[in-house]
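Just so we're aligned, residue 37 is where the sequence shown starts under our numbering, counting upward by one.
Ideal placement from N, C-alpha and C gives every residue a C-beta, glycine not left out.
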Amino acid sequence: MYTEVFENTLRNNPQEVYEELLSSILCPIDLAENPNWASAEELRTTLAQNWNLPPDSQFIDRVVEEAEAERHVQLQQRKQEEDRMICREHDGCPACIHTTYCTERDEQVLKVSRLVGEAILHCFVYELRIE
């Protein structure tokens, strides 16, 4: 049943499936902590280029809006408490993959990983650009 629904959705609206897959790896917490963007426009352009999407995409707008909001919250929290713990050295943040603990990099092969999901989707984008 679920396979048929997925197959039908994939055939009729592949963009929706792609965006749903992307939403599982484009974590607003991770994006907010990334120092490589200074403005919403810069993040929007980077996401559009990296994931082969139009820069005026509503999907990108939502991701950027969430990342900006998360960055704002983080800046406010840093002002209030300097020793806040941020999951920077590990992949697999509980907020990203819905687990109750962080996984260390040497455990990634055994656990679900945001970076693994990102690598898989990068392969899809690479294949699309080749065609």
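In this structure, does DSSP put N86 in helix, strand or coil? Translated into the one-based positions of the sequence shown, residue 86 becomes position 50. Residue state, collapsed to three classes: helix.
How many angstroms separate the CA atom of E102 from the CA atom of P64? Counting from 1 along the sequence shown, the entry for residue 102 is found at position 66. Counting from 1 along the sequence shown, the entry for residue 64 is found at position 28. In a straight line, the C-alpha of E102 is about 6 angstroms away from that of P64.
I'd like the span of the alpha helix (DSSP H) that includes S59, first residue to last. Start at 1 with the first residue of the sequence shown, and residue 59 comes out as number 23. From DSSP, the alpha helix (DSSP H) with S59 extends over 50–59.
Can you find the residues in the same chain that come closer than 8 angstroms, C-beta to C-beta, to A84, ignoring five residues on each side of it along the sequence? For the purposes of this step, residue 84 is taken as the residue at position 48 of the sequence shown. Excluding sequence neighbours, A84 sits near P90, P91, S93, I96.
Which stretch, first to last residue, makes up the alpha helix (DSSP H) that contains A103? Locating residue 103 in the sequence shown gives position 67, counting from the first residue. Per DSSP, A103 belongs to the alpha helix (DSSP H) from 94–116.
How many whole angstroms separate the CB atoms of V99 and L46, which I take to be in contact at a CB cut-off of 8 angstroms? As a first step, residue 99 is located in the sequence shown; it is residue number 63 there, counting from the start. As a first step, residue 46 is located in the sequence shown; it is residue number 10 there, counting from the start. For a cut-off of 8 angstroms, the C-beta gap from V99 to L46 is around 21 angstroms, too long to register as a contact.
Cutoff 7 angstroms; reference K164; Cβ partners in own chain excluding five residues on either side: For the purposes of this step, residue 164 is taken as residue 128 along the sequence shown, with counting starting at 1. Checking the displayed sequence, the identity of residue 164 turns out to be Leu instead of Lys. Result list for L164: N88, in chain order.
Distance check for K115 and Y162, CA to CA, integer angstroms please. Indexing the sequence shown from 1 puts residue 162 at position 126. Indexing the sequence shown from 1 puts residue 115 at position 79. C-alpha separation (whole angstroms): 41 angstroms.
Would you report the Cα separation of Q51 and L58, rounded to the nearest angstrom? The residue given as residue 51 occupies position 15 in the sequence shown. The residue given as residue 58 occupies position 22 in the sequence shown. Whole-angstrom Cα-Cα distance: 10 angstroms.
According to DSSP, is P64 part of a helix, a strand, or is it coil? Start at 1 with the first residue of the sequence shown, and residue 64 comes out as number 28. P64 falls in the helix class under three-state DSSP.
Among the candidates N49, F160, A68, whose CA atom is the shortest distance from the CA of L111? Locating residue 111 in the sequence shown gives position 75, where the first residue counts as 1. Taking only the C-alpha atoms, the option nearest L111 is A68.
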